[in-house]
Ligand SMILES: Cc1cc2nc3c(=O)[nH]c(=O)nc-3n(C[C@H](O)[C@H](O)[C@H](O)COP(=O)(O)O)c2cc1C
């Protein structure tokens, strides 16, 4: 039974961060009693990995990896934890998360609040055999200058190398000043050079080649996107996650909280983010898989992402407005309809 429509009005009376904390604690407590998700027959092979299904949890909801097993019980095929930074940091002062229900949107300026790499690593070490794919989203500390950013990402890569199934290099959160500059030109090339060299070294040492995804912003001009896509292709990154939140507040500026500073997610991001997936898919022509994220609020939205060229999808804001039922709704539709056969395993 879907209890979320009953619980949601109560949660929405609370401050969003308190509601978030309570929900995740309740999920942990209930995890053992949640029946194992029905196995849906839509496994997907991407990144050299077999995803039990192509619907994932986007980064930011479980930044410290404290709730992985409970979240997996909701039926996700993959969970991305983080963004984690090398050292713990408090993030921006509260309030820093706002609901805009009229637009099924959120605005956040969390600023990578997290308990740091060592806390996350301890949590990952405690996980035993898993039946889902685990990604770790890596960031840099706020006080690390861009000239030294690569060191933060390298430390992240090394620390989780043997524990994760893939890493996502987050160059696109709008709430760490200057972070998005790393998405362009020389800075991006230098970063990728060092990370891919480190990956090669670690692959020799461990016998495992960890896939490396890059998470990008939706606020790019066509020229910027073309230049970025060319670099991502040249360096042969394993996947691109499109997209993070947008700085475009134009669709929500008239709503309560619509003027709050921060990244916009959910409904107002949907079309912009899907357009980005379509443009990237045209440029990549199947050479780099795309993980689509941004404004998926129903099964139709998910199908639109696959139609635009995505191999996998991720949810965040949709989960807050629709609850876990959204995952099952999407999986059921995927079972009914065929989605891109190139990413589907024939049985
Ligand atoms: C409160 C909040 C915190 C987030 N934190 C992160 C983060 O730490 N790292 C990251 O890469 N993306 C983060 N995101 C962005 C989401 O992962 C996702 O890219 C974005 O919200 C668009 O998807 P959605 O419309 O389904 O929410 C955050 C989003 C929200 C709403």
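Residue numbers (our numbering): 71 to 417.
For glycine and all other residues, C-beta sits at the position ideal for the given N, C-alpha and C.
What is the DSSP secondary structure of residue i, reduced to helix, strand or coil?
i	result
residue 138	helix
residue 93	helix
residue 174	coil
residue 362	strand
residue 155	coil
residue 149	strand
residue 389	helix
residue 115	strand
residue 168	strand
residue 335	strand
residue 357	coil
residue 103	helix
residue 348	helix
residue 144	coil
residue 179	coil
residue 121	strand
residue 329	coil
residue 127	strand
residue 414	In this predicted model, residue 414 has a pLDDT of only 48, less than 50, meaning its place in the structure is not dependable enough to derive any value.
residue 84	coil
residue 187	helix
residue 404	helix
residue 76	helix
residue 367	coil
What does the Cβ neighbour count give for residue i, buried or exposed, with the cut at 16 atoms within 10 Å?
i	result
residue 132	buried
residue 221	exposed
residue 324	exposed
residue 371	buried
residue 75	exposed
residue 213	exposed
residue 416	In this prediction, residue 416 scores a pLDDT of 37, lower than 50, which makes its location untrustworthy; the coordinate-derived value is nonetheless stated afterwards. That one is exposed.
residue 242	buried
residue 411	Low confidence applies to residue 411: its pLDDT is 48, below 50, so where it sits in the model is not reliable enough to give any reading.
residue 256	exposed
residue 72	exposed
residue 80	exposed
residue 329	exposed
residue 355	exposed
residue 96	exposed
residue 292	exposed
residue 217	exposed
residue 387	buried
residue 99	exposed
residue 128	buried
Could you check how far apart the C-beta atoms of residue i and residue j are, in whole angstroms? I think they sit under 8 Å.
i	j	result
residue 226	residue 154	7 Å
residue 345	residue 379	11 Å between Cβ atoms; not a contact.
residue 161	residue 181	4 Å
residue 390	residue 173	Between residue 173 and residue 390 the Cβ distance is about 13 Å, and since that is not below 8 Å, they are no contact.
residue 210	residue 219	5 Å
residue 373	residue 403	6 Å
residue 236	residue 280	7 Å
9 Å is my cut-off, CB to CB: does residue i come that close to chain C?
i	result
residue 79	No chain C is present in this structure, which holds just one protein chain.
Return yes when at least one heavy atom of ligand 2 lies under 8 Å from the C-beta of residue i, else no.
i	result
residue 112	Ligand 2 is not among the ligands present in this structure, which contains only ligand 1.
Pairs of beta-carbons, one from the segment 199–209 and one from the segment 136–149, closer than 8 Å: are there three or more?
Contact between the segment 199–209 and the segment 136–149 is established, with three or more Cβ pairs separated by less than 8 Å.
Is it the case that the segment 165–183 contacts the segment 225–235, given that we only count it when at least three CB pairs across the two stretches are under 8 Å?
These segments do not touch.
Counting only runs of 3+ residues fully inside the segment 190–255, write out the beta strand (DSSP E) ranges in chain order.
Secondary structure within the segment 190–255: the beta strand (DSSP E) runs of 3 or more consecutive residues, fully enclosed, are 203–208 and 236–240 (chain order).
Touching or not, the segment 164–172 and the segment 82–90, by the rule of three or more beta carbon pairs under 8 Å?
Yes: the two stretches touch, three or more of their Cβ pairs being nearer than 8 Å.
Report the start-end ranges of each beta strand (DSSP E) in the segment 244–321 that is 3 residues or longer and not cut off at the edges.
If only complete runs of 3 or more residues are kept, the segment 244–321 shows the beta strand (DSSP E) at 282–286 and 309–312, in order along the chain.
Does the count of Cβ pairs from the segment 354–363 and the segment 306–324 closer than 8 Å reach three?
Using a C-beta cut-off of 8 Å, the segment 354–363 makes contact with the segment 306–324, since at least three inter-stretch Cβ pairs fall below that distance.
Decide if the segment 192–199 is in contact with the segment 114–127; the criterion is three or more beta carbon pairs, one per stretch, under 8 Å apart.
The segment 192–199, when compared against the segment 114–127, does not touch it at the 8 Å Cβ threshold.
Should the segment 243–257 be regarded as contacting the segment 271–283, the criterion being three or more beta carbon pairs within less than 8 Å?
Verdict: no, contact absent.
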